[in-house]
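Protein chains in written order, with our numbering: chain A, 1 to 314; chain B, 1 to 314.
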C-alpha cells in the first residue's frame with residue numbers, strides 16, 4: 001500500500017532528511033582477525049566518528065539454548081538475519097537502532113543498547129555479506145581469509161584466554177562448525193570487494209613475519225597506488241595481476257611484513273596523504289596489541305580508510 | 001541521498017511488496033484498563049490474527065536505574081520513543097521487529113523478542129499517541145480516560161496484587177507521577193479517534209455498575225448504529241451529541257452497565273453482525289476476568305473490532 005508509505009514519509013520527511021552513512025563490512029569466520037582490523041580503524045578516526053558493531057549480537061539463542069540445537073552459531077537459522085538486514089538499512093540511512101546484545105563472556109542475550117550511527121559505520125561479523133539485501137547496505141565489503149591453520153591457532157589462543165574455554169573444547173567446536181563454515185561463511189568471500197589474507201612467512205634469518213595478500217577486486221574503484229609501487233618500494237609492497245580461485249582477474253597487492261620498517265612506513269604515509277588528511281598516520285593503525293605492530297595490517301587498514309572517506313565525499 | 005534509498009528499495013522490492021497492517025492504538029495512563037480492553041480483542045480474533053504489544057517495553061532504564069533519576073517512567077526521556085516510532089512504522093508496513101522487553105515482575109530490561117505482525121496489531125501503552133509520527137502509524141486511536149479516583153483504585157489493586165508493591169508505595173508513586181501524567185500522558189486524549197470512559201454508577205437497588213461513555217470523534221467513519229439506537233434499546237445504549245472538554249462537537253455513546261443482560265447482548269449481536277462475521281460473539285468479548293463480564297466493555301471492544309476489520313478491507 002504505497003499510500004501508507006507516503007504518509008509515513010511525509011510525516012518524517014524521510015527522503016529529504018535521510019543522509020547516507022558510509023558503511024564498511026568486515027566478514028570472516030570466527031577468529032579471522034575482524035576485531036583487530038576494526039579496532040585500528042575505530043581508534044584512528046575516533047569512536048565519535050566511527051561506529052562499529054558486531055553481527056554476533058544478532059544470535060537468536062544464548063549459549064545454553066544452542067547446546068540443545070542441531071546447528072551452531074554459524075547457521076543462518078541461529079541468527080536474526082532479517083533483523084540484521086533491517087538494522088543495516090536503518091544505519092545506512094542515518095537512523096538509530098536498538099541493537100540486541102550478545103555477551104561473549106557469559107554466553108547470554110542481554111538488554112539491547114541504542115546505537116546511533118556517526119559519520120561512518122563498520123559492521124564486522126559472520127554474516128554481513130550473507131544476503132543480497134545486507135550487501136546492498138555497504139559501500140565497501142571485506143572478507144578476511146587467513147589460511148585455515150592460522151585461523152585455528154588464533155581461535156584457540158583467543159577462546160582459551162578470553163572466553164573461558166579449554167583447548168579441547170575449542171578444537172571440538174572448530175570441527176563441529178566446519179560444515180557450516182563451508183556452507184554459510186566462506187561463500188561470502190565471493191561477494192567482497194576486498195579479500196585480505198594474512199599469512200605467516202619465514203624470513204632468511206629463521207624468524208617469522210606476517211605478510212598480507214590484499215585482493216582488490218574491480219567491483220569498486222581502488223586508490224591509485226602508482227607512486228608506492230616503484231622498484232624502490234618493491235621490498236615492502238608489490239602489485240600483481242592474478243586469477244582468483246574462481247578464475248576471475250584480480251589485482252593482488254602483496255605486503256611484506258619483513259620489509260624494512262622505514263620503507264613500509266613511507267608507503268603508509270603516501271597512502272595516508274592520498275586521503276587528504278594533514279596529520280601523521282595515527283599510532284593505532286597497524287597495532288595488533290599494545291606495543292605489537294604489523295605493517296601489512298597498517299596498509300590494509302589504510303586502504304579501507306581510503307574507501308570509507310571516499311564514500312563520504314563522493 | 002535518495003540514490004541509496006532507491007537501491008535498498010529495489011533490492012527488497014519494498015514498495016510493491018509491503019502490505020498495510022491495520023493498527024489500533026490504545027493509549028492511557030497506568031492502570032486505565034488498557035490490558036483488559038486489549039486482551040478481549042486478542043482472544044476474540046485469536047493471537048494468530050492479532051499481535052499485541054505494550055509500549056512499556058520501550059523503557060530506557062530499568063527499575064533500579066529509575067530510582068536515581070529525577071523523572072518517572074511517564075517522562076518521554078525515560079523511554080526510547082524514537083525507536084518506538086521506528087518499530088510502529090515497520091509493523092504497519094508488515095515488517096518484523098526485534099522488540100525490547102521490560103519485565104514488570106522484576107523491573108528489568110530483558111533480552112528482546114521477535115515480533116512479526118499478523119493480520120492486525122494492537123499497541124497499548126503510555127505513549128502510542130505522543131508524537132505525530134507514531135499517530136500516523138495507526139488506523140484507529142483510542143484513549144482510555146477513567147475518572148482519576150477510579151484509576152487510582154484500579155492501580156492500587158493491580159500493583160499490590162500483581163507487581164509486589166505495598167499500597168503506600170503505589171500511592172506515593174501516583175503522586176510522584178502526577179505532574180508527568182498531566183504533562184505527557186493526558187494530552188494524548190486530544191489525538192484519539194475514540195475516548196472511552198468507564199465510570200461506576202449506583203443502581204436503584206444500591207448496587208454498583210460500571211457504565212461507559214464512548215466518545216466517537218468525527219476524525220474517522222464510525223459504524224452505523226442506527227438499528228441499535230431505537231427507543232427499545234435505550235435502556236442499554238444511547239447516543240448524544242455533546243461538546244467535548246475543548247468545545248468540539250462529538251458523539252457520545254452511553255452504554256449502561258445496569259441494563260438487562262439480554263438487551264445488551266442483542267445490541268452486541270447487531271454490532272457483531274455488522275462486521276459480516278457469521279458466528280456468535282466470542283465469549284472473550286466483555287470479559288473483565290474469568291467469570292466477570294461487563295456489557296459496556298463488550299460494546300467498546302466491538303466498536304474497536306469494527307474499526308480494525310474495516311481498516312483491513314478498505
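Using N, Cα and C, we set each Cβ at its ideal position, and we do this for glycine too.
Classify residue i as helix, strand or coil using the three-state DSSP reduction.
| i | result |
| --- | --- |
| residue 102 (chain A) | strand |
| residue 191 (chain A) | helix |
| residue 114 (chain B) | strand |
| residue 51 (chain A) | strand |
| residue 75 (chain B) | coil |
| residue 24 (chain A) | strand |
| residue 313 (chain A) | helix |
| residue 109 (chain B) | strand |
Quick check: is the beta carbon of residue i nearer than 9 Å to any beta carbon in chain A?
| i | result |
| --- | --- |
| residue 108 (chain B) | yes |
| residue 76 (chain B) | no |
| residue 114 (chain B) | yes |
| residue 95 (chain B) | yes |
| residue 62 (chain B) | yes |
| residue 188 (chain B) | no |
| residue 86 (chain B) | yes |
So, does the CB of residue i fall closer than 9 Å to a CB anywhere in chain B?
| i | result |
| --- | --- |
| residue 119 (chain A) | no |
| residue 83 (chain A) | yes |
| residue 100 (chain A) | yes |
| residue 80 (chain A) | yes |
| residue 111 (chain A) | yes |
| residue 310 (chain A) | no |
| residue 90 (chain A) | yes |
| residue 162 (chain A) | no |
Once the 5 residues before and after residue i are set aside, which same chain residues still bring their CB inside 6 Å of it?
| i | result |
| --- | --- |
| residue 90 (chain B) | 97 |
| residue 186 (chain A) | none |
| residue 54 (chain A) | 124 and 125 |
| residue 285 (chain B) | 40, 44, 298 and 301 |
| residue 252 (chain B) | 213, 215, 240 and 242 |
| residue 177 (chain B) | 72 and 74 |
| residue 120 (chain B) | 22, 50 and 308 |
| residue 63 (chain B) | 107 |
Which residues in the same chain as residue i place their Cβ atom closer than 7 Å to its Cβ, once the five residues preceding and following it in sequence are excluded?
| i | result |
| --- | --- |
| residue 174 (chain B) | 152 and 155 |
| residue 263 (chain A) | 233, 235 and 236 |
| residue 162 (chain B) | none |
| residue 227 (chain B) | 270 |
| residue 275 (chain B) | 305, 306 and 309 |
| residue 272 (chain B) | 281 and 302 |
| residue 31 (chain B) | 151, 154, 155 and 158 |
| residue 188 (chain B) | 27, 129, 130 and 143 |
| residue 160 (chain A) | 166, 167 and 170 |
| residue 20 (chain A) | 92 |
| residue 85 (chain A) | 131, 133 and 134 |
Within its chain, find whatever has a CB closer than 8 Å to the CB of residue i; leave out the 5 residues flanking it on each side and keep chain order.
| i | result |
| --- | --- |
| residue 37 (chain A) | 26, 124, 142, 144, 196, 297, 300, 301 and 304 |
| residue 76 (chain A) | 127, 130 and 184 |
| residue 101 (chain A) | 57, 109, 110, 111, 112 and 113 |
| residue 314 (chain B) | none |
| residue 83 (chain B) | 58 and 100 |
| residue 208 (chain A) | 200, 201 and 202 |
Sufficient close CB pairs (3 or more, under 8 Å) joining the region 212 to 224 of chain B to the region 164 to 184 of chain B: no
Length at least 4, wholly inside the region 120 to 163 of chain A: the alpha helix (DSSP H) runs in chain order: 132 to 135 and 148 to 162
Inside the region 176 to 231 of chain B only - beta strand (DSSP E) runs reaching at least 3 residues: 194 to 202 and 208 to 216
Every unbroken alpha helix (DSSP H) inside the region 226 to 309 of chain A [4 residues or more]: 261 to 274
Sufficient close CB pairs (3 or more, under 8 Å) joining the region 192 to 201 of chain B to the region 133 to 149 of chain B: yes
Validate contact between the region 108 to 116 of chain A and the region 35 to 50 of chain A using beta carbons, cut 8 Å, 3 pairs: Between the region 108 to 116 of chain A and the region 35 to 50 of chain A there are fewer than three inter-stretch CB-CB distances shorter than 8 Å, so the stretches are not counted as touching.
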